[in-house]
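Undergrad: Which chain is which? The protein sequence lines are Z and H, in order. Numbers 15 to 482, taken from the working numbering, label the letters of the first sequence in order. Numbers 5 to 496, taken from the working numbering, label the letters of the second sequence in order. Where is the CB? At the ideal position from N, CA and C, for every residue including glycine.
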Amino acid sequence: MLPIVLLSIFGIVLLFLGFLKSKAILLPATLLFLLVTLAVNFLDWNKTYLYFNDMLRTNNLSMVFTAIILGSAFMVVALSNSFIEDEAAQPAEYYGIMLFSLVGAVMMVSFENLVMLFVGVEVLSVAMYVLTGSDKRNLRSNEAALKYFLMGSFTTGIMLFGMALLFGATGSFTIAGIGAYAANPQMGLSLLLYVGLLMLLIGLLFKVSAAPFHFWTPDVYDGAPTIFTAFMSTVVKTAGFAALFRLLSVSFGGVYTFWWTILAIITAITLVAGNITAVYQNSFKRMMAYSSISHAGYLLIGLAALGTQTKQAIVFYSLAYSVATISAFGVLLLVAQQRSTQTLSSEGASTESFDAFNGLARQNPLLGFAMAVSMLSLAGIPLTAGFWGKFYMFSTAVERGQIWLLVVAVLMSAVGIYYYFRVIIAMYFRDGAIEPIRVAPFYRYVLLAATILTLGLGIAPGLLQGLF
Amino acid sequence: MLTLALILFPVIAATLLLVTSGDTTKRLAFGAALAELALAVYVFNTFIPNAESQFGFDYPWIGSLGIRFSSGIDGVSVLLVLLTGLVVPFIILSTFERNYERPGAFYALMLYMQAALMGVFTARDGFLFYLFFEAALIPIYFLAAMWGGENRVPVTFKFFVYTIFGSLFMLLALVYLYYQTPATVTAAHSSAIADFYKLKLTPEAQGWVFWAFFIAFAIKMPIFPFHTWQPDTYVESPTPATMLLAGIMLKMGVYGLIRFILPIVPLGVETWGQLAIILSVIGIIYGSIIAIRQRDMKRLIAYSSFSHVGLMAAGVFSQTETGMQGALVQMLAHGINVVGMFFVADIIFSRTNTRQLDQLGGITRTTPKLTVYFMIMLLGSVALPLTNGFIGEFLLLHGVFTYNNYLGLAAGFTIIFGAVYMLRMFQKSMFGPSSSRTESFADLTSSESWVFVPLVVMVFWMGVYPQTFLKVTEPAVANLMKYVGTTAVSLK
Numbered sequence: 015m016l017p018i019v020l021l022s023i024f025g026i027v028l029l030f031l032g033f034l035k036s037k038a039i040l041l042p043a044t045l046l047f048l049l050v051t052l053a054v055n056f057l058d059w060n061k062t063y064l065y066f067n068d069m070l071r072t073n074n075l076s077m078v079f080t081a082i083i084l085g086s087a088f089m090v091v092a093l094s095n096s097f098i099e100d101e102a103a104q105p106a107e108y109y110g111i112m113l114f115s116l117v118g119a120v121m122m123v124s125f126e127n128l129v130m131l132f133v134g135v136e137v138l139s140v141a142m143y144v145l146t147g148s149d150k151r152n153l154r155s156n157e158a159a160l161k162y163f164l165m166g167s168f169t170t171g172i173m174l175f176g177m178a179l180l181f182g183a184t185g186s187f188t189i190a191g192i193g194a195y196a197a198n199p200q201m202g203l204s205l206l207l208y209v210g211l212l213m214l215l216i217g218l219l220f221k222v223s224a225a226p227f228h229f230w231t232p233d234v235y236d237g238a239p240t241i242f243t244a245f246m247s248t249v250v251k252t253a254g255f256a257a258l259f260r261l262l263s264v265s266f267g268g269v270y271t272f273w274w275t276i277l278a279i280i281t282a283i284t285l286v287a288g289n290i291t292a293v294y295q296n297s298f299k300r301m302m303a304y305s306s307i308s309h310a311g312y313l314l315i316g317l318a319a320l321g322t323q324t325k326q327a328i329v330f331y332s333l334a335y336s337v338a339t340i341s342a343f344g345v346l347l348l349v350a351q352q353r354s355t356q357t358l359s360s361e362g363a364s365t366e367s368f369d370a371f372n373g374l375a376r377q378n379p380l381l382g383f384a385m386a387v388s389m390l391s392l393a394g395i396p397l398t399a400g401f402w403g404k405f406y407m408f409s410t411a412v413e414r415g416q417i418w419l420l421v422v423a424v425l426m427s428a429v430g431i432y433y434y435f436r437v438i439i440a441m442y443f444r445d446g447a448i449e450p451i452r453v454a455p456f457y458r459y460v461l462l463a464a465t466i467l468t469l470g471l472g473i474a475p476g477l478l479q480g481l482f
Numbered sequence: 005m006l007t008l009a010l011i012l013f014p015v016i017a018a019t020l021l022l023v024t025s026g027d028t029t030k031r032l033a034f035g036a037a038l039a040e041l042a043l044a045v046y047v048f049n050t051f052i053p054n055a056e057s058q059f060g061f062d063y064p065w066i067g068s069l070g071i072r073f074s075s076g077i078d079g080v081s082v083l084l085v086l087l088t089g090l091v092v093p094f095i096i097l098s099t100f101e102r103n104y105e106r107p108g109a110f111y112a113l114m115l116y117m118q119a120a121l122m123g124v125f126t127a128r129d130g131f132l133f134y135l136f137f138e139a140a141l142i143p144i145y146f147l148a149a150m151w152g153g154e155n156r157v158p159v160t161f162k163f164f165v166y167t168i169f170g171s172l173f174m175l176l177a178l179v180y181l182y183y184q185t186p187a188t189v190t191a192a193h194s195s196a197i198a199d200f201y202k203l204k205l206t207p208e209a210q211g212w213v214f215w216a217f218f219i220a221f222a223i224k225m226p227i228f229p230f231h232t233w234q235p236d237t238y239v240e241s242p243t244p245a246t247m248l249l250a251g252i253m254l255k256m257g258v259y260g261l262i263r264f265i266l267p268i269v270p271l272g273v274e275t276w277g278q279l280a281i282i283l284s285v286i287g288i289i290y291g292s293i294i295a296i297r298q299r300d301m302k303r304l305i306a307y308s309s310f311s312h313v314g315l316m317a318a319g320v321f322s323q324t325e326t327g328m329q330g331a332l333v334q335m336l337a338h339g340i341n342v343v344g345m346f347f348v349a350d351i352i353f354s355r356t357n358t359r360q361l362d363q364l365g366g367i368t369r370t371t372p373k374l375t376v377y378f379m380i381m382l383l384g385s386v387a388l389p390l391t392n393g394f395i396g397e398f399l400l401l402h403g404v405f406t407y408n409n410y411l412g413l414a415a416g417f418t419i420i421f422g423a424v425y426m427l428r429m430f431q432k433s434m435f436g437p438s439s440s441r442t443e444s445f446a447d448l449t450s451s452e453s454w455v456f457v458p459l460v461v462m463v464f465w466m467g468v469y470p471q472t473f474l475k476v477t478e479p480a481v482a483n484l485m486k487y488v489g490t491t492a493v494s495l496k
């Protein structure tokens, strides 16, 4: 609960800091705030608390998810120093909104009541709509924000409808209450429960961009300023999956047989749609958008095979995915800024194409290496964190005997190698621009930290154990 | 502890090499590889020939899951450890006349590769094996794609995707096996290979576990029809990388067959083994026939290697003791011969700038040393008695004959075809009138000669007194065969 309070206060403080003449204080202040929140988060370690009339429950799992979210936010913010140079940017507002959005994310990982889940989702989403459109001079950014907002509001409606139906069926908004009702199927469960569950699922699956509710993702990810894309693809996804896990494991474990097939089919569609379409992208950023869809698919495997391993699998996967994604976007930011490859195509869409990375490894071994490690991790190659993430996910499904789903996942992982390696090929085996790219020292440390974390978790995945 | 040293030493050496440059790098890399060889030879010498795993190292890796960093050497792995130790220093020595761009990275990648291979051959834990199996791929991919020929990027990419694709199925099988193991004292399941051996899987499960493993290993070796990545990759890779690929890496596949498929899914082998053996035999003949038609030396050797590895797979699937023994010995022999052959091709290419047989000829006139060494390596490859190839092929064919006469007969063509394409290559390149390219062909330099000396020693040693090597593998193979027998019987 403390993180929520602190983040809200810090967000407001940041808005006031925006009145200062110099923007230089904003970035360190935000980083400091995030660190403080991260430290405070662990004060309640090994304790379980209920807050606000049983609306929120914090336990070790929710704290770990909060830590992943705050850590991702910290890294994204650390990579956002270009705001200082951009005259039109309003970093105080951006950072403030990011902190506010984190409030929503923390609610989503620790809700005990569906109303709190709804509030969390909306707090996070509204902030994202604004950040997506924050590049006001860019038409694509505006369009993306509008698209995101319209579709997001629509699914909010569906989700709310679902909650109402669940309340109708069970007479309770608390996930424990719903769980108690759903755990007694012999009494004959109300149809409202099933319909409500499906509608609620649709809402959350939209937020984590699972197919067939993923159509907004490429446009929004592509249109949003890169730094917010990084934020969106990590924070929103982690919070969304934490919420899904909490919801399904606490409330709907009793009706597992009803929803697992549906979720498994959605998983398969997501994997296929994300991976196959990613192959055809010429823009790195759009590829990353489809890659984020495909990773939603891998994460869904763990939910469709809900079992003893799922918790661990989702935590590990979220962490591995977030670190690798942030690192990739971090490199993209530098490359896109300094190699001016944002050429406009005939439709007016910018293409941050793979060619921008040509020869990068030769001029900037560090950037090349960071990018390569992050791509290897996303592709799930051993000795990176991504491999163990996939390993845990696959384990959950094997435990449940869902072999057909795994075969789809395996085939799609092989497809994934194709597009992740395009970047590596461009960086290492093609000749490109001569001039090296400047990397600020702090930026370098963040990328280095992400790379070391990815490799460290790849070599010793046991490090995370015992945390939750 | 020794196995850990075998794995870690190249890693440390390679990481140090990254910061060196110029000729120092070569020498340091060679020194490091020699030290590793000394370690491997020490292991081979002190190895007590029985089925027990020796020189072990065991450490909990992901404790609560029961996954351990567990490595050791038994009779099946010992020859491959020796091969990995033996071949790498001479591959490095073979590059002394050449200068590769960014040598620090080049030699470091080779040593990383060696470390991963050592890991593969000594892993006693299923997931550890998988990890090294995949990790070996990354250095070789960068070696091939950064220093390779013109067409290297798409070719090596195909190789990479192809082999990863296969390995992912192996991962599925491993995870499945893992969940079948009973709980241990400390964890819910175990991923030790020894525990996999104890499993009693249903025939249906054995069937698909067999295929999951088989696809992975068949692509790696490669077995027909999973071989399409191989010739191009061999040709496009820089020769040291090709030597690593053909000399050691493809043995990972054969080793996998012996280590995983036969003991774990004997019923799967019973059901599908015939198909596997037929595919292998098709590969033998198909590879040889294509090899006969090749004009490019490197491509010819690539196809010959494809053909030879088919025989090894057939021998393993024959499920006979001789077949398995043959496969193990032939892995060592083939590793030595193919490295020698690729080195010859590389020497010829570096002096004439061509590998096309019709542009060569008459090299013997100026090169007594090369001719002799080339001929010896070649005789080893065509399995002349008293050379290393003979022992392996004899045992393998014996195994296949025991399994089925007709298949044995078909596989036997490998000897005839092998002689045809190898001697044709020798004749076209070394004899006949010299061409403009080969007129002033210089004989071997001393560093080049030094590459051949140990290889030639091994060719004769294994050919004349194979007992040195057979006796170390024998107990382990007998032990494995016992596994194959008992598991199959107990389920019937």
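#1: Under 7 Å, CB to CB, which of the residues in the stretch 412-441 of chain Z have a partner in chain H?
#2: Less than 8 Å between CB atoms is the rule here; does Gly-272 (chain H) satisfy it with respect to chain Z?
#3: Should Asp-129 (chain H) be labelled buried (16 or more other beta-carbon atoms within 10 Å of its own) or exposed?
#4: Are any of the Cβ atoms in chain Z nearer than 8 Å to that of Val-493 (chain H)?
#5: Determine the contact status of Phe-430 (chain H) and Phe-378 (chain H), defining contact as a CB-CB distance below 8 Å.
#6: Along the chain, where does the alpha helix (DSSP H) containing Ser-427 (chain Z) start, and where does it finish?
#7: Can you find a C-beta in chain Z that's less than 8 Å from the C-beta of Glu-138 (chain H)?
#8: Figure out for me which residue from H:Met-426, H:Val-189, H:Ile-262, H:Ala-192 has the closest Cα to the Cα of Ser-308 (chain H).
#9: Return the residue from the list H:Phe-131, H:Ile-352, H:Leu-113 that minimises the CA-CA distance to Ala-149 (chain H).
#10: Show which residues of chain H have a CB atom less than 9 Å away from the CB atom of Ile-395 (chain Z).
#11: Which same chain residues, not among the five before or five after Thr-391 (chain H), have their C-beta less than 6 Å away from its C-beta?
#12: Pick out the complete alpha helix (DSSP H) segments inside the stretch 203-278 of chain Z, 4 residues or longer, and give them in chain order.
#13: Just to confirm, is the Cβ distance from Val-137 (chain Z) to Met-112 (chain Z) under 8 Å?
#14: State the DSSP-derived secondary structure class of Ile-66 (chain H), mapped to helix, strand or coil.
#15: For Ser-439 (chain H) and Leu-364 (chain H), which I take to be in contact (beta-carbon distance under 8 Å), what is that distance rounded to the nearest angstrom?
#16: Under 7 Å between beta-carbons, which chain Z residues line up against Val-157 (chain H)? List them in chain order, please.
#17: Within a Cβ cutoff of 8 Å, which residues of the same chain sit near Ala-85 (chain H), ignoring the five residues on either side of it in sequence?
#18: Are there 16 or more other CB atoms within 10 angstroms of the CB of Gly-362 (chain Z), so buried, or fewer, so exposed?
#19: Can you check whether the C-beta of Gly-400 (chain Z) is within less than 8 Å of a C-beta belonging to chain H?
#20: Among the candidates Z:Leu-21, Z:Ala-370, Z:Arg-260, whose CA atom is the shortest distance from the CA of Thr-72 (chain Z)?
#21: With Thr-72 (chain Z) as the anchor, note down where its beta strand (DSSP E) starts and where it stops.
#22: Which residues in chain Z have a C-beta closer than 9 Å to the C-beta of Trp-233 (chain H)? List them in chain order.
#23: Find out if the Cβ-Cβ distance for the pair Phe-51 (chain H), Val-82 (chain H) is shorter than 8 Å.
#24: Indicate whether Ile-395 (chain H) and Val-333 (chain H) have their beta-carbon atoms separated by less than 8 Å.
#25: Would you say Ala-149 (chain H) reaches chain Z, if we count a Cβ-Cβ gap shorter than 8 Å as a contact?
#26: So, does the CB of Val-23 (chain H) fall closer than 8 Å to a CB anywhere in chain Z?
#27: Helix, strand or coil for Gly-32 (chain Z)? Go by DSSP, reduced to three states.
#28: What is the residue span of the beta strand (DSSP E) that Arg-441 (chain H) lies within?
#29: Restricting to Cα atoms, I'd like to know which of H:Met-5, H:Tyr-116, H:Val-342 is closest to Ala-36 (chain H).
#30: Name the residues in the stretch 451-478 of chain Z whose C-beta lies less than 8 Å from a C-beta of chain H; which are they?
#31: Locate the alpha helix (DSSP H) running through Leu-279 (chain H), then write down its first and last residues.
#32: Leu-172 (chain H) lies in the alpha helix (DSSP H); which residues open and close that run?
#33: Leaving aside the five residues before and after Val-481 (chain H) along the sequence, list all residues of the same chain whose C-beta is less than 6 Å from its C-beta, in chain order.
#34: Using the Cα positions of Lys-496 (chain H) and Gly-272 (chain H), report the straight-line distance between them to the nearest angstrom.
#35: Got a sec: is the Cβ-Cβ distance from Val-343 (chain H) to anything in chain Z below 8 Å?
#36: Do we get a CB-CB distance below 8 Å when we pair Phe-408 (chain Z) with the residues of chain H?
TA: Taking the coordinates as given:
#1: So the list reads Val-412, Glu-413, Leu-420, Val-424, Ser-427, Ala-428, Ile-431, Tyr-432, Phe-435, Ile-439, given in the order they occur along the chain.
#2: Start at 1 with the first residue of the second sequence, and residue 272 (chain H) comes out as number 268. No, Gly-272 (chain H) does not count as interfacial toward chain Z.
#3: Numbered from 1 along the second sequence, position 125 holds the residue referred to as residue 129 (chain H). With 16 or more other Cβ atoms within 10 Å, it is buried.
#4: Translated into the one-based positions of the second sequence, residue 493 (chain H) becomes position 489. Low per-residue confidence applies at Val-493 (chain H): pLDDT is 45, beneath 50, and the placement is therefore not dependable, though the value from the model is reported in the following sentence. Answer no: the Cβ-Cβ gap between Val-493 (chain H) and chain Z never drops below 8 Å.
#5: Taking the first residue of the second sequence as position 1, residue 430 (chain H) is located at position 426. Taking the first residue of the second sequence as position 1, residue 378 (chain H) is located at position 374. Yes, the pair counts as a contact, with Cβ atoms nearer than the cut-off.
#6: As a first step, residue 427 (chain Z) must be located in the first sequence, where it is residue number 413. Run containing Ser-427 (chain Z): 417-443, per the alpha helix (DSSP H) assignment.
#7: Here residue 138 (chain H) is taken as the residue at index 134 of the second sequence, counted from 1. Interface residue, yes.
#8: Along the second sequence, read from residue 1 onward, the residue named residue 308 (chain H) stands at position 304. Among H:Met-426, H:Val-189, H:Ile-262, H:Ala-192, the Cα nearest to that of Ser-308 (chain H) is on H:Met-426.
#9: Start at 1 with the first residue of the second sequence, and residue 149 (chain H) comes out as number 145. If we check each option's Cα against that of Ala-149 (chain H), H:Leu-113 comes out closest.
#10: By one-based count along the first sequence, residue 395 (chain Z) stands at place 381. Under the 9 Å cutoff, chain H gives Glu-138, Ala-139, Leu-141, Ile-142, Ile-168.
#11: Working through the second sequence from its first residue, we reach residue 391 (chain H) at position 387. A distance below 6 Å between beta-carbons, with the five flanking residues on each side excluded, links Thr-391 (chain H) to the following residues of its chain, in chain order: Leu-383, Gly-384, Val-463, Gly-467.
#12: Note on the stretch 203-278 of chain Z: whole alpha helix (DSSP H) runs with a minimum of 4 residues are 205-221, 230-237, 240-245, 251-260, in chain order.
#13: Residue mapping note: residue 137 (chain Z) aligns to position 123 of the first sequence, counting from 1. Residue mapping note: residue 112 (chain Z) aligns to position 98 of the first sequence, counting from 1. Taking 8 Å as the Cβ cut-off, Val-137 (chain Z) and Met-112 (chain Z) do not qualify as a contacting pair.
#14: Along the second sequence, read from residue 1 onward, the residue named residue 66 (chain H) stands at position 62. Residue state, collapsed to three classes: strand.
#15: The residue given as residue 439 (chain H) occupies position 435 in the second sequence. The residue given as residue 364 (chain H) occupies position 360 in the second sequence. Going by Cβ atoms, the distance from Ser-439 (chain H) to Leu-364 (chain H) rounds to 6 Å, so yes, they are a contact pair.
#16: Sequence index remark: in the second sequence, residue 157 (chain H) carries index 153 (1-based). The answer, in chain order, is Ile-439, Phe-443.
#17: Translated into positions along the second sequence, residue 85 (chain H) becomes position 81. Here residue 85 (chain H) turns out to be Val, not Ala, going by the sequence shown. Excluding residues within five positions, the ones whose Cβ falls inside 8 Å are Leu-10, Ala-44, Val-47, Phe-48, Ile-77, Met-122, Phe-125, Thr-126.
#18: Counting from one through the first sequence, the residue named residue 362 (chain Z) turns up at place 348. With a pLDDT of 42 at Gly-362 (chain Z), under the threshold of 50, the modelled position of this residue cannot be trusted; read the value that follows with caution. Around the beta carbon of Gly-362 (chain Z), fewer than 16 other beta carbons lie within 10 angstroms, which makes this residue exposed.
#19: To locate residue 400 (chain Z), count along the first sequence from 1; it is residue 386. At a cut-off of 8 Å, the C-beta of Gly-400 (chain Z) has no neighbouring C-beta in chain H.
#20: The count along the first sequence starts at 1 and reaches residue 72 (chain Z) at position 58. The shortest C-alpha separation from Thr-72 (chain Z) is found at Z:Arg-260.
#21: The residue labelled residue 72 (chain Z) in the question sits at position 58 within the first sequence. The continuous beta strand (DSSP E) containing Thr-72 (chain Z) extends over residues 70-72.
#22: Taking the first residue of the second sequence as position 1, residue 233 (chain H) is located at position 229. Under the 9 Å cutoff, chain Z gives no residues; its nearest Cβ is about 13 Å from Trp-233 (chain H).
#23: By 1-based counting over the second sequence, the position of residue 51 (chain H) is 47. By 1-based counting over the second sequence, the position of residue 82 (chain H) is 78. Yes, the pair counts as a contact, with Cβ atoms nearer than the cut-off.
#24: Taking the second sequence and counting its residues from 1, the one referred to as residue 395 (chain H) is at position 391. Taking the second sequence and counting its residues from 1, the one referred to as residue 333 (chain H) is at position 329. Yes, these two residues count as a Cβ contact at 8 Å.
#25: As a working note, residue 149 (chain H) is residue 145 in the second sequence. At a cut-off of 8 Å between beta-carbon atoms, Ala-149 (chain H) makes contact with chain Z.
#26: Position 19 of the second sequence, counted from the start, is the residue given in the question as residue 23 (chain H). Val-23 (chain H) does not count as touching chain Z.
#27: As a position in the first sequence, residue 32 (chain Z) is number 18, starting the count at 1. Assignment of Gly-32 (chain Z) by DSSP, reduced to helix, strand and coil, places it in the coil class.
#28: Your numbering for residue 441 (chain H) matches position 437 in the second sequence. Secondary structure note for Arg-441 (chain H): it is in no beta strand (DSSP E), with a DSSP letter that is neither H nor E.
#29: In the second sequence, counting from the first residue as 1, residue 36 (chain H) sits at position 32. The shortest C-alpha separation from Ala-36 (chain H) is found at H:Tyr-116.
#30: For the stretch 451-478 of chain Z, the set of residues with a beta-carbon nearer than 8 Å to any beta-carbon of chain H comprises Ala-474, Pro-475, Gly-476, in chain order.
#31: Stepping through the second sequence from its first residue, residue 279 (chain H) is reached at position 275. Leu-279 (chain H) -> alpha helix (DSSP H) spans 270-297.
#32: On the second sequence, residue 172 (chain H) is found 168 positions in, with the first residue counted as 1. Segment 156-184, the alpha helix (DSSP H) holding Leu-172 (chain H).
#33: Counted from its first residue, the second sequence places residue 481 (chain H) at position 477. Cβ within range, chain order: Glu-325, Met-328, Gln-329.
#34: Counting from one through the second sequence, the residue named residue 496 (chain H) turns up at place 492. Counting from one through the second sequence, the residue named residue 272 (chain H) turns up at place 268. With a pLDDT of 39 at Lys-496 (chain H), under the threshold of 50, the predicted position of this residue should be treated as unreliable, and no value is reported.
#35: As a working mapping, residue 343 (chain H) is identified with position 339 in the second sequence. Not one chain Z Cβ lies under 8 Å of Val-343 (chain H).
#36: The residue given as residue 408 (chain Z) occupies position 394 in the first sequence. Output row for Phe-408 (chain Z): interface = yes.
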